[in-house]
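This report refers to the structure that appears directly beneath it.
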Amino acid sequence: MKKLLLAAAFAASFTSVAQAADYVVDTQGAHAFVQFKVSHLGYSWLHGRFNTFSGDFSYDSANLAAAKIKLDIDTKSVDSNHAERDKHLRSGDFLNVDKHPKASFVSTKVVPGADGKFDLVGNFTLNGVTKEITIAATKTGEGKDPWGGYRAGFHGTTSIKLTDFAIKNILGPASETVYLDLVVEGVRK
Amino acid sequence: MTTQKQHFHPLHIALHWLMALMIPALFGVGLWMTGLDYYSSWYKTAPDLHKSFGILLAILLVSRLVAIRLFGKPAALGSGWQQKAAGIAHALLYALLLAIMVSGYLISTADNRGIPVFGLFEVPGFGEFFPEQADIAGTVHFYLAWALIVLVVLHAGAALKHHFVDKDNTLTRMLGRRNAAASSLDKTEI
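Below, the structure written as C-alpha cells:
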C-alpha cells in the first residue's frame, strides 16, 4: 500500500513538473532512426535507412495535442547495405537526389489516442512532392538520462505509395508500398 | 625505340583482337544493361557478366602491356605527325581502359563487396576510398567509356585509312601477315 501511494505520488509529481519543452532529435549520438522496408518480389523484405537527418520537436506530456515535430532527411544518405543498389536508389529511378536532396516531415496536428498512442498528422515531402500522411506513434518513454540531460523517445510507423510521390514503381506490384519506421529520441534543449 | 621491330608478337596480335572484340561488346552491354527492366531475365545476369568480362579485359590489358615490354612493338607508320598522333592515341587508349576498369571496380566494391568473376574466383573489395564513391565512379565510368569508344572509332578509322588510302601495312601487320619488304628488313636485322 505504501509502495502504491509512493508510486502515485511520484506519478503525480512527474506530470506536474512536465511541461512543454523543446527537444532536439539525438542524431549526434545516433539514437534516432529513419528506416524503411519494401517487399522484394513479394517473397521477402528489403530493409534500409537514411543515415543523415535532423529534427526538433516540442512535447508536453500534459498536452500531447500541442506537440510538434519537424524532420529533415538527406536523401543522399540512403543506405540499404549495398553500394550498387544505393546508387540506383539515389538515381532518377527512385529518389532523384540530385534534384531533390531533401525529404521532410512537418507535423500539422496530433490526435491523441488510447494507451499513449497518438496519430501524428503532417506533410511529408519526398521527391519534390508534398502529401499529408499520418504516422501511428507511441511514446516509448521519457526521463532523466544518466549524463545530466532529459530525454523523450517515440516510435512511429506509416506507409507511403511510391507512385504518390511521383516515383515510378519498377519493382513490381508487391513493392508498391514502402513502410517507414521512425525511432525518435529527443534531448531536451 | 631500341628495337626496329617490323612485326607484332603473335601474343600481342591475339590480345589486340580479343580486346577489340570485348571492348565494343562491354560498351554495348553496359549501356543496354543499365536500362533493363527489373523483371528482365538479364537484369542480374548481364551486370554479372559485364563485371566478369571487365576483369578478364583487365587481365588481358596487363598481359598486353607486359607483352609490349617483353617483345617490343613496331613503330607507327606514316609521317612524323601521324606517328606522334598514333603514339598519343595508343597511350590514351590504354590509359582510358585502365581508368574505366578502376572506376568500374570502385562502383561495385564501395561497400566492401568483392567482384565474382564467372563464379570462379572473387576480386576482393576494399570499401570506400572517398565519399559518394559508387555514384562518382559510376559517372566517370560512363563518360570515359564513351570517350574510349570515340577513340576506338578514330583508331579503327585511321587503320582503315592506312590500309586503303596509304596502302601501307599498318592493318595487315596487326593481322599477322608479313609482307616481302618487312620480311627482308627482318632478315637484315638478323
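Going line by line, the protein sequences match chains Z and D.
Numbering-wise (the working numbering), the first sequence opens with residue 1065 and increments by one.
Numbering-wise (the working numbering), the second sequence opens with residue 34 and increments by one.
Heads up, the beta-carbon is just placed ideally off N, CA and C, and yes, glycines get one too.
Just so you know, these numbers come straight off a predicted model, no measurement behind them.
In the structure shown, what three-state DSSP assignment does residue i receive?
{"i": "Z/Ile1224", "result": "strand"}
{"i": "D/Lys77", "result": "helix"}
{"i": "Z/Asp1150", "result": "helix"}
{"i": "D/Lys38", "result": "coil"}
{"i": "Z/Val1247", "result": "strand"}
{"i": "D/Lys106", "result": "coil"}
{"i": "D/Leu187", "result": "helix"}
{"i": "D/Leu153", "result": "coil"}
{"i": "D/Phe197", "result": "helix"}
{"i": "D/Leu44", "result": "helix"}
{"i": "D/Asp168", "result": "helix"}
{"i": "D/Val95", "result": "helix"}
{"i": "D/Ala53", "result": "helix"}
{"i": "Z/Gln1092", "result": "coil"}
{"i": "D/Tyr138", "result": "helix"}
{"i": "D/Ile133", "result": "helix"}
{"i": "D/Thr205", "result": "helix"}
{"i": "Z/Lys1085", "result": "Note that residue 1085 of chain Z is Ala in the sequence shown, not Lys. Z/Ala1085 falls in the strand class under three-state DSSP."}
{"i": "Z/Ala1126", "result": "coil"}
{"i": "D/Ala119", "result": "helix"}
{"i": "D/Ile101", "result": "helix"}
{"i": "D/Ala124", "result": "helix"}
{"i": "Z/Ile1231", "result": "coil"}
{"i": "Z/Phe1097", "result": "strand"}
{"i": "Z/Thr1079", "result": "Interpretation of Z/Thr1079 is limited by its pLDDT of 47, a score under 50 that renders its predicted location unreliable; no figure is taken from the coordinates."}
{"i": "D/Ala215", "result": "Low confidence applies to D/Ala215: its pLDDT is 48, below 50, so where it sits in the model is not reliable enough to give any reading."}
{"i": "D/Ala13", "result": "This structure cannot settle anything about residue 13 of chain D, because the visible part of chain D is limited to 34 through 223."}
{"i": "D/Ala180", "result": "helix"}
{"i": "D/Gly87", "result": "helix"}
Per DSSP, which one or two residues make a beta bridge with residue i?
{"i": "Z/Leu1135", "result": "Z/Gly1119, Z/Phe1169"}
{"i": "Z/Thr1241", "result": "Z/Lys1225"}
{"i": "D/Leu59", "result": "Per DSSP, none; premise fails for D/Leu59."}
{"i": "Z/Gly1217", "result": "Z/Gly1205, Z/Glu1249"}
{"i": "Z/Val1174", "result": "Z/Leu1184"}
{"i": "Z/Ser1108", "result": "Z/His1104"}
{"i": "Z/Thr1189", "result": "Z/Ser1168, Z/Thr1194"}
{"i": "Z/Asp1143", "result": "Z/Arg1113"}
{"i": "D/Ile148", "result": "D/Val156"}
{"i": "D/Ala143", "result": "Bridge partners of D/Ala143: none, in fact."}
{"i": "Z/Ile1199", "result": "Z/Leu1184"}
Which residue's Cα is closest to the Cα of residue i: the options?
{"i": "D/Pro80", "options": "D/Leu93, D/Gly63, D/Ala91", "result": "D/Gly63"}
{"i": "D/Leu125", "options": "D/Leu82, D/Val183, D/Leu44, D/Lys38", "result": "D/Val183"}
{"i": "D/Gly158", "options": "D/Trp114, D/Lys200, D/Ala53, D/Leu139", "result": "D/Leu139"}
{"i": "Z/Arg1113", "options": "Z/Asp1138, Z/Val1193, Z/Ala1126", "result": "Z/Asp1138"}
{"i": "D/Leu177", "options": "D/Glu161, D/Tyr127, D/Asn145, D/Leu208", "result": "D/Tyr127"}
{"i": "Z/Thr1116", "options": "Z/Arg1252, Z/His1095, Z/Ile1231, Z/Thr1241", "result": "Z/His1095"}
{"i": "D/Glu228", "options": "D/Lys84, D/Phe60, D/His45", "result": "Nothing can be reported for residue 228 of chain D: it is not among the residues displayed for chain D, which extend from 34 to 223."}
{"i": "D/Leu130", "options": "D/Gly160, D/Leu51, D/Leu90, D/Gly120", "result": "D/Leu90"}
{"i": "Z/Ser1198", "options": "Z/Ile1133, Z/Pro1210, Z/Ser1144", "result": "In the sequence under discussion, the amino acid at residue 1198 of chain Z is Thr, which differs from the Ser named in the question. Nearest C-alpha to Z/Thr1198: Z/Ile1133."}
{"i": "Z/Leu1184", "options": "Z/Ala1130, Z/Gln1092, Z/Val1102", "result": "Z/Ala1130"}
{"i": "D/Asn202", "options": "D/Ala170, D/Ala109, D/Gly137, D/Gly113", "result": "D/Ala109"}
{"i": "Z/Ile1122", "options": "Z/Ser1155, Z/Lys1166, Z/Ala1167, Z/Thr1172", "result": "Checking the sequence, you will find Ser at residue 1122 of chain Z rather than Ile. The candidate whose alpha carbon is nearest that of Z/Ser1122 is Z/Thr1172."}
{"i": "D/Ser136", "options": "D/Gln115, D/Phe151, D/Ile92, D/Gly87", "result": "D/Gly87"}
{"i": "D/Val95", "options": "D/Met134, D/Phe151, D/Leu208, D/Pro43", "result": "D/Met134"}
{"i": "Z/Asp1090", "options": "Z/Lys1232, Z/Ile1224, Z/Asp1209, Z/Val1142", "result": "Z/Asp1209"}
{"i": "D/Asp168", "options": "Z/Ala1167, Z/Lys1151, Z/Leu1110, Z/Gly1213", "result": "Z/Lys1151"}
{"i": "Z/Ala1126", "options": "Z/Val1242, Z/Ala1084, Z/Tyr1214", "result": "Z/Ala1084"}
{"i": "D/Glu161", "options": "D/Gly120, D/Ser141, D/Phe175", "result": "D/Ser141"}
{"i": "Z/His1111", "options": "Z/Val1088, Z/Ser1118, Z/Leu1135, Z/Leu1153", "result": "Z/Leu1153"}
{"i": "Z/Gly1119", "options": "Z/Phe1169, Z/Glu1206, Z/Ser1141", "result": "Z/Phe1169"}
{"i": "Z/Lys1166", "options": "Z/Gly1186, Z/Lys1181, Z/Thr1194", "result": "Z/Thr1194"}
Tell me whether residue i, by its Cβ, gets closer than 7 Å to a heavy atom of the ligand ZN.
{"i": "Z/Gly1207", "result": "The ligand ZN is not among the ligands present in this structure, which contains no ligands whatsoever."}
Segment contact flag, the region 176 to 196 of chain D with the region 1174 to 1191 of chain Z, C-beta cutoff 8 Å, min 3 pairs: no
Contact between the region 1158 to 1176 of chain Z and the region 66 to 80 of chain D (3+ Cβ pairs under 8 Å): no
Interface positions of the region 153 to 172 of chain D facing chain Z (Cβ-Cβ less than 7 Å), listed along the chain: Ala167, Asp168, Gly171
Where the region 133 to 150 of chain D meets chain Z: residues whose CB sits under 8 Å from a CB there: Ile140, Ser141, Thr142, Ala143, Asp144, Arg146
At least three beta-carbon pairs within less than 8 Å, the region 1236 to 1248 of chain Z to the region 1208 to 1222 of chain Z: yes
Interface residues of the region 44 to 74 of chain D facing chain Z [CB-CB below 8 Å]: Asp70, Tyr71, Tyr72
The region 1145 to 1155 of chain Z / the region 144 to 151 of chain D touching (three or more Cβ pairs under 8 Å): yes
Stretch pair the region 36 to 52 of chain D + the region 1094 to 1108 of chain Z: three plus CB contacts closer than 8 Å: no
Interface positions of the region 1144 to 1156 of chain Z facing chain D (Cβ-Cβ less than 8 Å), listed along the chain: Asn1145, His1146, Ala1147, Glu1148, Asp1150, Lys1151, Arg1154
Interface positions of the region 1212 to 1242 of chain Z facing chain D (Cβ-Cβ less than 7 Å), listed along the chain: Ile1234, Leu1235, Gly1236
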